[in-house]
Amino acid sequence: MKVIENLSTTQAQKPTQQGAAQVQAPKETRVPIEEKLYLAKYRLDERPHLVIQDQDVCLKCAAINGSPQPCMILCPADVYKWEDGKKNVVSFDNCVECGACRIICPYTNIEWKYPRWGKGLSHRYG
Amino acid sequence: MAEKYDVIIVGAGPAGVSAAITTAKNGLSTAIIERGDFAGSKNMFGGIVYSKPTAQIVPEFWKTAPIERRVIDYQYWLLSAESHVQISHRNQKFTKEFNSFTALRARFDKWFAQQAEASGALLLTRTTVTGVLKDASGIIKGISSDRGDLLSDVVIACDGVNSLVSKAAGLHDEWKPEDIALAVKETYSLPKEKIEDRFNVRGDEGVTIMTYGGRPEEYAGFIYTNKDTISFGMGAIMSDLAAYKTRPQDILEWLKSHPSVKPLIEGAALREYTAHLIPEGGYNKVPPLFTDGMMVAGDAAMLVNALNWEGTNFAMMSGKFAGETAVEAKKADRYDAKQLSSYKGRLENSFVLRDLKKFRDIPHYISTNRQFLTLYPELMNSVLYRFFEVDGRPKEEHLKEIKDEIFGKRGRLRLLRDLYGIYRRAA
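In order, the protein sequence lines correspond to chains A and B. Take the first sequence: its letter number 39 is residue 19 in our numbering, and every next letter is one higher. Quick note: to get our numbering, add 14 to the position in the second sequence (first position is 1).
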């Protein structure tokens, strides 16, 4: 019984790209994130609260994990963009302060703080 | 010399405000530090607030709180590509004995924090806490913020899932992506009459819908009816999003275009898009809950029951217990870890840690047994399709096909093992 359980576990954890491809939403239904974010109320802290500590680490990450890198896939506000195949450009003014990038970065390469004085996003509904 | 309070509470969410109401009502000088423009402005949830736990903090809160609709109908939808199987419960008892209300955090938490202020707590907004202050012996004695230092006998960290405060205090390092769900949510406005029609409700009645299945990732979708808005969103386990290279908003768009979901939201105007993390690791992943001079409550302490979609009441009750422990500590005039350990005892004697402990093995079991996420929702849809299909052939043939499909896709032994696996961990 134990052996079967282990087997099925390893099989189950292997993601199938085919499976993922079958369930994509039709292209036309995708609204660019920028068009959604403009609805939000922001007070911008001009000092970046998200900082890439070492761009070389992002290059290595691209080599190992491919691009888009995990931060770019997970960020729900498209804060991270891979520019010219060599630089992780951070649009911190888009940030919705969720914290996903900090946790998903395999190399803890993102210095993550909250904006100062509670600046940044302000919900009207929440 | 920095100002000193009996208690400093970081974060004016449900945990922090519940703690503040408890300490302020018992005569402790209480400061709540909130980084948002107002309490609730940085907060987000599905969501619903449960009546009975909330009434323990503010009795009959529904008479004054900005609640949306009282939920009379709880629905679970198991999705397949173009179908769903629905398990739901609608009960008129919920109209007499309130069980839960839909709410919007930016409105509810603002009101909730006002109740703490009315109890005597001081609310400091637009202030981001940057660290904790320790005395020479390492006991936490206050906080540092971008507006200066504040001293206290005890700090209660209610600063949410990212809890930079408990990290600064050295209570835990960082969450693991497999224990955290990334939730994205859209709020849509829709006229009251349309909500009533689409969800078959009247007056202030409301509906909650949870969706599972239809995708390879471990995700769950949600739809909540508010007065004249709809909360729509989904949460997916972060490590799954990374493994499948799926953007969270892709699942959201897929869900929105699902033929069962689409008519509910169609034509409604998007009012807000935002995201938030949900700590879903359960009992096995709960970090240390107290140290010398500090306690941690709510999301900051991973006190969420993801299985039953309960987080707000866990936050409120843990905040209340932390508040009670602070009151007790003040009487004893001792704030070391040993004194504050009764906080954990309070949690262990209540539903907070008892529920999490009871279901402690389920999050991992589901994550490593993907048939519950994909195969079973798919099978249920397929079986019911065959059950309802009338095509001129004898029912015997349909039944045989149903049996062949179930046992073909999941052998008899494996099916039994799955049933037993869930039963053993849940019952």
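Think of the CB as a built atom: it goes at the ideal place given N, C-alpha and C, for glycine as much as any other residue.
| request: Closer than 9 Å by beta-carbon distance: list the chain A residues that pair up with B/Thr142, in chain order. | output: Lys93, Tyr94, Pro95, Arg96, Trp97, Gly98 and Lys99
| In chain order, which continuous runs of the beta strand (DSSP E) of length 3 or greater are located wholly inside the segment 186 to 266 of chain B? | 194 to 203, 219 to 226, 233 to 239 and 243 to 251
| message | Applying the 10 Å Cβ sphere with the 16-neighbour rule, what's the burial state of A/Glu8? | response | The predicted position of A/Glu8 is uncertain, since its pLDDT is 45 and thus under 50; no value can be drawn from it.
| field | B/Arg334 burial status per 10 Å Cβ neighbour count (16 or more: buried) | value | In the sequence as presented, Arg is not what sits at residue 334 of chain B; that position holds Lys. Buried: at least 16 other Cβ atoms inside 10 Å.
| task | Tell me whether A/Asp64 is buried or exposed, calling it buried when 16 or more other Cβ atoms sit within 10 Å of its Cβ. | result | exposed
| said: Below 8 Å on C-beta distance, what does B/Gly54 contact in chain A? | reply: His103 and Gly106
| Unbroken beta strand (DSSP E) run spanning B/His98, endpoints | Ser97 to Arg104
| field | alpha helix (DSSP H) runs contained entirely in the segment 274 to 357 of chain B, provided each spans 4 or more residues | value | 276 to 279, 326 to 346 and 351 to 354
| request: Measure the beta-carbon distance from B/Leu185 to B/Ile46 and round it to whole angstroms, keeping in mind my assumption that it falls under 8 Å. | output: In fact, because the Cβ distance is near 20 Å, the residues do not count as touching under 8 Å.
| query | Between which two residues does the alpha helix (DSSP H) harbouring B/Ser94 extend? | reply | B/Ser94 -> not in any alpha helix (DSSP H); beta strand (DSSP E) instead, spanning Arg84 to Ser94.
| said: Quick check on the burial criterion: 16 or more other C-beta atoms within 10 angstroms. Buried or exposed for B/Pro230? | reply: buried
| message | Could you compute how far the alpha carbon of B/Ile209 sits from the alpha carbon of B/Gly217? | response | 10 Å
| message | Going by DSSP in three states, B/Thr68 sits in which element: helix, strand or coil? | response | helix
| task | List the residues of chain B that A/Glu14 touches, going by C-beta distances under 9 Å, in chain order. | result | Going along chain B, no residue has its Cβ under 9 Å from A/Glu14, so there is no contact; the nearest lies around 10 Å.
| task | Identify which residue in B/Gly281, B/Glu342 and B/Pro377 has its Cα closest to the Cα of B/Arg360. | result | B/Glu342
| request: For B/Val31, name the three-state secondary structure that DSSP assigns. | output: helix
| query | Do the CB positions of B/Ile157 and B/Val169 come within less than 8 Å of each other? | reply | yes
| request: Using the DSSP secondary-structure output, state which residues sit across from A/Arg23 in a beta bridge. | output: A/Gly100
| task | Sort B/Gly296, B/Val85 and B/Glu131 by Cα distance to B/Asn240 and report the nearest one. | result | B/Val85
| Which of helix, strand or coil does DSSP assign to A/Tyr18? | coil
| request: From the DSSP output, in three-state form, read off B/Leu118 for me. | output: coil
| said: Buried or exposed, going by whether 16 or more other CB atoms sit within 10 Å of the CB of A/Asn68? | reply: buried
| request: Please report how far the alpha carbon of B/Ala329 lies from the alpha carbon of B/Asn319, in whole angstroms. | output: 10 Å
| said: Check for me: the beta strand (DSSP E) holding B/Lys18 runs from which residue to which? | reply: Lys18 to Val24
| query | Would you say A/Cys81 faces chain B, with C-beta separation under 8 Å as the test? | reply | no
| Under 8 Å, do B/Tyr287 and A/Leu39 count as touching if we go by C-beta distance? | no
| said: Just to confirm my understanding: we take A/Arg82, look at its own chain, exclude 5 residues before and 5 after, and list those with CB closer than 6 Å. What are they? | reply: Ile90 and Trp92
| said: Looking at chain A, is there any beta carbon in it that lies within less than 8 Å of the beta carbon of B/Asn57? | reply: yes
| With a cut-off of 8 Å, does the C-beta of B/Tyr437 fall near any C-beta of chain A? | no
| message | For a cutoff of 8 Å on Cβ pairs, would you count A/Glu26 as touching chain B? | response | no
| Among residues of its own chain, excluding the 5 on either side of A/Cys85, which ones have a beta-carbon nearer than 6 Å to its beta-carbon? | Cys51
| request: With DSSP as the reference, label B/Lys270 as helix, strand or coil. | output: helix
| task | Return the residue from the list B/Asp167, B/Lys107 and B/Phe122 that minimises the CA-CA distance to B/Val146. | result | B/Asp167
| Cβ-based burial, B/Ala440 [other Cβ within 10 Å; buried from 16] | exposed
| So which of B/Val310, B/Arg261, B/Glu200 and B/Leu118 has the shortest CA-CA distance to B/Ser356? | B/Val310
| query | Taking C-alpha atoms, which residue in B/His272, B/Val366 and B/Thr44 lies nearest to B/Ala130? | reply | B/Thr44
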